[in-house]
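In full-length UniProt numbering, the protein residues as written are 1 to 491.
Note that beta-carbon positions come from the ideal geometry of N, C-alpha and C, so glycine has one too.
Quick caveat, the model's predicted, so the values are computed rather than measured.
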Amino acid sequence: MTRCDTFEVRPLSHLDELLLIELLDASAACNNQVNYARRQTLFETVDNADTRIPVSELKSTVKRAVTQEEYRQRYIQTLTSSTPQQLVQKNWEPWKAYFALLSKYRNPDNSKVTDRPSPPGYWKEDGMRTPRTVIRNDQYTLELGERSRLEIPVGKDLKEKYGLGYGERLRLEVAGQPRWTGKQGRLEIVYDRDTETFTAYRNVGNEDNPPRRRDSYQPSLATTGSGEEVVAAVDIGANNLAAVTTSQGDHRLYHGRPAFHTFHAHTERIAELQSILDDDEWSSRQIQGVYHTRSEQRNHAMDSLIRDLGEWLAERSVTELIVGALSDVREKHWSATVNEKTDLFWAHGRFRRRLDEVLEFEYDITVTEKSEAGTSSQCPACKSDDVHRSGDLLQCHECGREGHSDIVGSTNFLRKHATESIVVESSGSMARPAATGENTKVDGHQIQVPCLEWNDHAWTVKHEGHSTKEAPANQSTSHETGNVAPGVSDD
């Protein structure tokens, strides 16, 4: 398995920026020509066949439609020798996924893929090529530290056009901190026309040399004291993004309203900008920029939540996390606002994929998906269904308990599916909503439930009466901060 480091790339001059854009555009043209040849081969083979061709034979025919040498000769003067070969290989990856889906679609016993899959599309958006390239792992140099830089190869024609020497490579400024160590993989650079920024993605590791986190958590430090296996359940919601309960009785809550308000403000700004467009226009560079900012901020909050959750679970020796099925999350919410939070803002499909990728791979925590139907409508203390829910507060009319509705849901969810029994004290309060007191004492009992709030930079504990929002981290790349180099090495 490979992982990915992300960096911001900045040309050192306007001329370097033009060179980089032309290099990425030529790479996109190469990929699109390769994809066109494969698509045409697919359509012609299917149309000319008298009978249904087996998927394996169709896959082999499409793959042989192009050769690396053909495009190496065509683009060697612009992209060097290795880049066209990498583009041909990169283009084949979505094709493999296409034929895997086609096999499932044709399988009569398969019930998941019911719509015929479409062949891979082009690197193109709004009728324009998406500037993008792929560079082989031994063809670029990435130096990180106080003087971070990236050097990539350029073809002979572009060198002559932009004044680079015969043995020179294009030197670029890099900003960002690597998360992974391991074998260096290929590098991808993408240009976003809306934000006018370049982003580099570096693959790290392979099957023989798996990647390791630079700040990796040491599992040996986590212990329950009894050696027992610990299971946890997470209730995924709309207002509170995640409520977690472990089989040892620990709780954690991620408060989602502040992050949603930021997301919704971007949505309203998009609607405002769309309202002033001409009748024959549907978007603009400014609108696309707001879309991009909205998605990036949402994804940042989501990835940070999963990272924080992983560390918290690992510290408690959790070996399995039970997650509610996505269909259950959608069925229990019906209002337009909540649906916006559930489907658009929180993007539960992406959230589930990231849970699997991070928790299972990095922390060795098994993620299991099960139904959470009915878990938020029962008292975890006396198991009575005679409960009243008002916002985040759940009250039991039978035994008089009060608790945070999402924590109650995750507790019941865990009790329903985990083999270990979850003990609820016979007296005292259940976990209370943060709005009514984060750590509440009732009848001499105190149950602590950390309620974390997103401050646009990190998930921090919210205390009653004041916010823990901090000043955002300094993202400057000036010489004074030392975050990035001007592009000149020390030697």
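Rounded straight-line distance, which links the Cα of residue j to that of residue i
i: Glu282; j: Cys396; result: Glu is not the amino acid found at residue 282; the sequence shown has Trp there. Taking the straight line from one Cα to the other gives about 51 Å.
i: Asn91; j: Gly127; result: 19 Å
i: Pro258; j: His417; result: 32 Å
i: Val231; j: Ser410; result: 12 Å
i: Val88; j: Arg116; result: 25 Å
i: Ala271; j: Thr366; result: 41 Å
i: Gln33; j: Asn48; result: 22 Å
i: Asn439; j: Leu253; result: Its pLDDT being 36, under 50, Asn439 is placed unreliably by the model, and nothing is read from it.
i: Glu315; j: Asn110; result: 40 Å
i: Thr199; j: Pro11; result: 11 Å
i: Glu369; j: Ser103; result: 25 Å
i: Gln177; j: Trp95; result: 32 Å
i: Lys63; j: Asp157; result: 30 Å
i: Trp123; j: Leu355; result: 29 Å
i: Phe7; j: Pro119; result: 30 Å
i: Asn137; j: Gln297; result: 30 Å
i: Thr195; j: Thr293; result: 9 Å
i: Leu15; j: Asp278; result: 35 Å
i: Leu305; j: Glu207; result: 28 Å
i: Ser60; j: Thr51; result: 17 Å
i: Ile322; j: Glu357; result: 15 Å
i: Leu273; j: Gly289; result: 11 Å
i: Thr83; j: Ser27; result: 8 Å
i: Tyr217; j: Asp364; result: Reliability of the predicted coordinates at Tyr217 is poor, the pLDDT of 47 falling under 50, and the value obtained from them is presented with this limitation in mind. Taking the straight line from one Cα to the other gives about 11 Å.
i: Thr2; j: Gly205; result: 5 Å
i: Thr197; j: Val174; result: 12 Å
i: Tyr105; j: Val461; result: 47 Å
i: Ala301; j: Gln86; result: 33 Å
i: Thr319; j: Val234; result: 14 Å
i: Pro153; j: His457; result: 35 Å
Residue i burial status per 10 Å Cβ neighbour count (16 or more: buried)
i: His348; result: buried
i: His261; result: exposed
i: Ile407; result: buried
i: Ser295; result: exposed
i: Gly256; result: buried
i: Ser275; result: exposed
i: Gln286; result: exposed
i: Asn107; result: exposed
i: Asp5; result: buried
i: Met430; result: For Met430, the predicted structure reports a pLDDT of 46, less than 50, and the residue's modelled location is therefore unreliable. A value from the coordinates is still provided. By the neighbour-count rule (16 or more Cβ atoms within 10 Å), Met430 is buried.
i: residue 497; result: The structure shown does not extend to residue 497, since the chain is modelled only from 1 to 491, so the question has no answer here.
i: Glu362; result: buried
i: Ser317; result: buried
i: residue 519; result: Residue 519 lies beyond the stretch modelled for the chain, which goes from 1 to 491, so this question has no answer here.
i: Arg350; result: exposed
i: Ala265; result: exposed
First through last residue of the beta strand (DSSP E) which encompasses residue i
i: His255; result: 251 to 255
i: Gln248; result: Per DSSP, Gln248 belongs to no beta strand (DSSP E) and is neither H nor E.
i: Lys370; result: 366 to 370
i: Glu173; result: 170 to 175
i: Thr141; result: 141 to 143
i: Arg149; result: 149 to 152
i: Glu453; result: 451 to 454
i: Thr460; result: 459 to 461
i: Asp235; result: 230 to 236
Sheet register partners of residue i (DSSP bridge)
i: Ile189; result: Thr133, Ala200
i: Tyr28; result: Before going further, note that residue 28 is Ala rather than Tyr in the sequence given. Answer is none; Ala28 lacks a bridge partner.
i: Glu70; result: Glu70 is not bridged to any residue.
i: Gly324; result: Lys370
i: Cys4; result: Asn203
i: residue 492; result: This structure gives no information on residue 492, because the portion of the chain shown stretches from 1 to 491.
i: Arg11; result: Looking at the sequence shown, residue 11 is not Arg but Pro. In DSSP, Pro11 forms a bridge with Leu172.
i: Ala242; result: Ile236, Tyr254
i: Val318; result: Val230
i: Cys399; result: DSSP, once it has assigned bridges, lists no residue as partnering Cys399.
Residue-chain proximity (residue i, chain D), Cβ-Cβ < 8 Å
i: Asp250; result: Of the protein chains in the structure, only one exists, and it is not chain D.
Unbroken alpha helix (DSSP H) run spanning residue i, endpoints
i: Leu309; result: 285 to 315
i: Pro84; result: 82 to 106
i: Thr61; result: 55 to 63
i: residue 494; result: Residue 494 cannot be examined here, being either before or after the span of the chain that is shown, 1 to 491.
i: Glu146; result: No alpha helix (DSSP H) contains Glu146, which DSSP labels as neither H nor E.
i: Leu355; result: 348 to 355
i: Lys156; result: 156 to 162
*asked:* Counting beta carbon pairs with one atom in the segment 132 to 142 and one in the segment 188 to 195, are three or more of them shorter than 8 Å?
replied: Output reads yes: the segment 132 to 142 touches the segment 188 to 195.
*Would you be able to state if there are at least three C-beta pairs under 8 Å between the segment 63 to 82 and the segment 141 to 148?*
no
*Does the segment 247 to 258 come within contact of the segment 27 to 40, defined as at least 3 CB pairs closer than 8 Å?*
no
*With contact counted as at least three CB pairs below 8 Å, one residue from each stretch, are the segment 16 to 31 and the segment 152 to 161 in contact?*
yes
*On the three-pair Cβ rule with 8 Å, is the segment 203 to 211 touching the segment 167 to 184?*
yes
*How about the segment 90 to 107 and the segment 48 to 67: do they share at least three Cβ pairs that are nearer than 8 Å?*
yes
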